[in-house]
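Student:
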Amino acid sequence: MYLEIITPEKKLFAGEVKLVKVPGSKGSFEILNNHAPIISTLEKGSVRILNPEGIQSFFNIGGGVIEAKENKIILLAESVQE
Numbered sequence: 001m002y003l004e005i006i007t008p009e010k011k012l013f014a015g016e017v018k019l020v021k022v023p024g025s026k027g028s029f030e031i032l033n034n035h036a037p038i039i040s041t042l043e044k045g046s047v048r049i050l051n052p053e054g055i056q057s058f059f060n061i062g063g064g065v066i067e068a069k070e071n072k073i074i075l076l077a078e079s080v081q082e
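The working numbering puts the first residue of the sequence shown at 1, with every later residue one more than the last.
1. Looking at the structure shown, is Pro-23 part of a helix, part of a strand, or coil, going by DSSP?
2. With a threshold of 16 other CB atoms inside 10 Å of the CB of Pro-23, please say whether the residue is buried or exposed.
3. Measuring alpha carbon to alpha carbon, tell me which of Ser-46, Asn-71, Phe-29 ends up nearest Ser-40.
4. Just to confirm, are Gly-64 and Leu-42 a CB contact at a threshold of 7 Å?
5. Determine which residues share a DSSP beta bridge with Ala-68 and list them.
6. Could you tell me whether the Cβ atoms of Ala-77 and Ile-31 are closer together than 7 Å?
7. Output the distance between the C-alpha atoms of Lys-72 and Leu-19, rounded to the nearest integer angstrom.
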């Protein structure tokens, strides 16, 4: 699966991932390979990424929107707390 995390200032992340866990408006959820198409708003919280080697990364976002379709995920974050 290919993931892009984009903020108004810059592209924060782009690359292959095995799993993405996001803070959805109705509760957190995970996206795995071959997930059904989805568009969701996101709340302030932590985004967890698992890369193909099994290494985790975390990004704290201030809300946003995510779209997943055909193993491509685009996450538009309003802001990121470093």
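Where is the CB? At the ideal position from N, CA and C, for every residue including glycine.
Tutor: According to the structure data:
1. Taking the first residue of the sequence shown as position 1, residue 23 is located at position 23. Pro-23: strand per DSSP, three-state reduction.
2. On the sequence shown, residue 23 is found 23 positions in, with the first residue counted as 1. Buried, since its Cβ has 16 or more Cβ neighbours within 10 Å.
3. By one-based count along the sequence shown, residue 40 stands at place 40. Per the Cα distances, Phe-29.
4. For the purposes of this step, residue 64 is taken as residue 64 along the sequence shown, with counting starting at 1. For the purposes of this step, residue 42 is taken as residue 42 along the sequence shown, with counting starting at 1. Yes; because the gap between Cβ atoms is below 7 Å, this pair is in contact.
5. As a first step, residue 68 must be located in the sequence shown, where it is residue number 68. Its beta-bridge partners are Ile-38, Ile-73.
6. Position 77 of the sequence shown holds residue 77. Position 31 of the sequence shown holds residue 31. Contact flag unset, no.
7. If you number the sequence shown from 1, residue 72 lands on position 72. If you number the sequence shown from 1, residue 19 lands on position 19. When rounded, the distance between both Cα atoms is 12 Å.
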